[in-house]
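Undergrad: Here it is, the structure, as structure tokens.
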Amino acid sequence: MSYDICSICGRFYAKDGQSYCGECRDKDKKEFNKLRTLVKQRPGILAFEASNQTGIPINTIMRYVKERRIYIAGDGKDSGKIYFRDTLPEDSRKRRWTND
Ligand SMILES: [Zn+2]
């Protein structure tokens, strides 16, 4: 059996085509859902506020950004606000995002 190193926790796990070990994947899914629920309840919440309220480390939130699972507005009055792919504003193409 071949192994991969989990890019979140750095532990070995049986290679299965995923980037993270099973444990991190479970945790990741829970945290992502938690974030999604919070943003649904409080649209326009800032990334750092969401981190404080959910206890999800800002590093994890920035990883979601890197993986393009969420978007954080880069400038203007919405700067720092979190959006999900399906909650992006209509003019999102004209805006700047921290993902860019
Ligand atoms: Zn892991």
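The opening residue of the sequence shown carries number 177 in my numbering; numbering runs sequentially from there.
No residue lacks a Cβ here, since even glycine has one placed at the ideal position from N, Cα and C.
1. Does the pairing of the stretch 222 to 239 with the stretch 247 to 256 give three or more beta-carbon distances under 8 Å?
2. In three-state DSSP terms, what is tyrosine 128?
3. Check the C-beta distance from lysine 210 over to threonine 230 and give it rounded, since I have them as a contact under 8 Å.
4. Any idea what DSSP makes of lysine 191, helix, strand or coil?
5. Classify aspartate 180 as helix, strand or coil using the three-state DSSP reduction.
TA: According to the structure shown:
1. yes
2. Residue numbering for the chain in the displayed model covers 177 to 276; residue 128 lies beyond these limits and cannot be assessed.
3. 5 Å
4. coil
5. strand
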